[in-house]
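Asker: Structure provided below as structure tokens; questions to follow.
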Amino acid sequence: MATLIRSLPGKSYLDLMYQRRYITYQDHIRHTGVQIEDNHKRLPETISYYNKTKFGVNFVDQMARKYSVKAGNFRWPLHIFFNILDLAAINAWILYKQCNGAKISRNQYMFSLAEELGAENKENICQRSDAFSSSIILQERESFQVGYCNKNKSSNCISCKEVICGKSTGKVQYTCKKCTQ
Numbered sequence: 023m024a025t026l027i028r029s030l031p032g033k034s035y036l037d038l039m040y041q042r043r044y045i046t047y048q049d050h051i052r053h054t055g056v057q058i059e060d061n062h063k064r065l066p067e068t069i070s071y072y073n074k075t076k077f078g079v080n081f082v083d084q085m086a087r088k089y090s091v092k093a094g095n096f097r098w099p100l101h102i103f104f105n106i107l108d109l110a111a112i113n114a115w116i117l118y119k120q121c122n123g124a125k126i127s128r129n130q131y132m133f134s135l136a137e138e139l140g141a142e143n144k145e146n147i148c149q150r151s152d153a154f155s156s157s158i159i160l161q162e163r164e165s166f167q168v169g170y171c172n173k174n175k176s177s178n179c180i181s182c183k184e185v186i187c188g189k190s191t192g193k194v195q196y197t198c199k200k201c202t203q
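The opening residue of the sequence shown carries number 23 in the working numbering; numbering runs sequentially from there.
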């Protein structure tokens, strides 16, 4: 990492080279000039302050990697969303331990949190599936077979379990020619 410091009256800039790209950090909020430490590294004060306080960030990242809700995908909005979920679960676990004084592992806490969050949705899913199955019974259609085909053997007859062509059958239930007659 290469560091270049430039300053103008009232503003100071810190240019960092990271992976062949320059990142410009404008430090005009806290300081009027860039202060360089007198040790052997000669780092700017902002960088040394970050290095002193980054332990918490690294520790939280390590905890998030250990038990994560991230699913494998390539879309960056989902990565951000899953990262927010991981951080929220860590914060909730820490607050739960401090408020209740309970000694619960993070893994157990995440499982109980998932069960509690999913309990309400389970009831809704059961209600929706009951309504959906009753509507299917009301809309019962007769099955039919259009023709006979030897090429495709992708479906089974519901009566005699014989293999029949899936393209030559109706859309709801498959019945062979023998059973329909």
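Note that the Cβ used here is the ideal one computed from N, Cα and C, for glycine as well.
Quick caveat: nothing in here was measured; it's all calculated off a predicted structure.
So, with DSSP's three-state summary, where would you put Asn143?
Answerer: helix
Asker: Between the region 106 to 114 and the region 77 to 97, do three or more beta carbon pairs fall short of 8 Å?
Answerer: yes
Asker: Quick one: measure Cβ to Cβ for Val82 and Ile126, integer angstroms, because I've assumed they're closer than 8 Å.
Answerer: Their Cβ separation, rounded to whole angstroms, is 18 Å, which puts Val82 and Ile126 out of contact at 8 Å.
Asker: Taking the alpha helix (DSSP H) that Ile126 falls in, what are its first and last residues?
Answerer: Counting along the chain, Ile126 falls outside any alpha helix (DSSP H), and DSSP gives it neither H nor E.
Asker: Rank Asn178, Trp115, Trp98, Ala124 by C-alpha distance to the C-alpha of Ala136 and give the top, closest one.
Answerer: Trp115
Asker: By a C-beta neighbour count over all protein chains shown, 10 Å radius and 16 as the cutoff for buried, is Glu162 buried or exposed?
Answerer: For Glu162, the pLDDT reaches just 47, beneath the cut-off of 50, and the residue's location in the model is therefore unreliable, leaving the point undetermined.
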